[in-house]
Every structure is written in structure tokens, then in C-alpha cells.
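Engineer:
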Amino acid sequence: WCAQLVGTLTEPHQPLTARLTGLFLWPYGLLVSIANAMGAVLWKSVFYTAFLCMTWWYWLVVLPWLGMALLVLSIFAGNCFGVIELAGN
């Protein structure tokens, strides 16, 4: 279900913020797909652990930074719309 959600967020008809969120969470969807795949539990767990070890920087550095960047962007965009509304009155 989570992997399908991430795939749905990246479809072209979604707004830009939803598509960016889907792209940020794409590795998580890949991890969920690996965990739900058919096969021996040992090999899935080894691959899952290896994938997490290879992408530790993504989960601890990239995602928090991008989250803060989107938060700041939304605050500035909200201020711009507020100024436009005040200028129109």
C-alpha cells in the first residue's frame, strides 16, 4: 500500500508539492516493495539491511534538509500571497 501511494504521488496530474513529496519518499516505497516481494525471508532481510546501510545519508541528511526547505518555501509563498492580497485592497 505504501509503495503504491508513493507511485501515485509522482503521477503527472498531481500538484508540484505532492510530486516532490513522492520523489523524496521513493526510496521508502522501494524498501516496502522489497519487503513485500516473494522469496526467502533471509535474502529479503539481507537486501533490506544492505539498502538501508547504503542510503543512511538519505534518511538522516537529505530528507530533513528537504523538509525544512519546503517548509521555508511554503512560508515565503504564503507571505507573497498575503502581500498580493493587501496590495489589492
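If you use our numbering, the sequence shown corresponds to residues 880 to 968, in order.
Just so you know, even glycine gets a beta-carbon here, dropped at the ideal spot from N, CA and C.
Because the structure is a prediction, the values reported are computed rather than measured.
1. Below 7 Å CB to CB, which residues in the same chain sit around residue 900 once its five sequence neighbours on both sides are set aside?
2. With DSSP collapsed to three states, give me the class of residue 917.
3. Tell me, to the nearest whole angstrom, how far the beta carbon of residue 904 is from that of residue 885; I am working on the premise that it is less than 8 Å.
4. For residue 968, name the three-state secondary structure that DSSP assigns.
Structural biologist: This is what the structure gives:
1. Counting from 1 along the sequence shown, the entry for residue 900 is found at position 21. 888.
2. Here residue 917 refers to the residue found at position 38 of the sequence shown. Reduced to three states, the DSSP call for residue 917 is coil.
3. Here residue 904 corresponds to residue number 25 of the sequence shown, with the count starting at 1. Here residue 885 corresponds to residue number 6 of the sequence shown, with the count starting at 1. That belief holds up - the Cβ atoms of residue 904 and residue 885 are roughly 5 Å apart, short of 8 Å.
4. Position 89 of the sequence shown holds residue 968. Reduced to three states, the DSSP call for residue 968 is coil.
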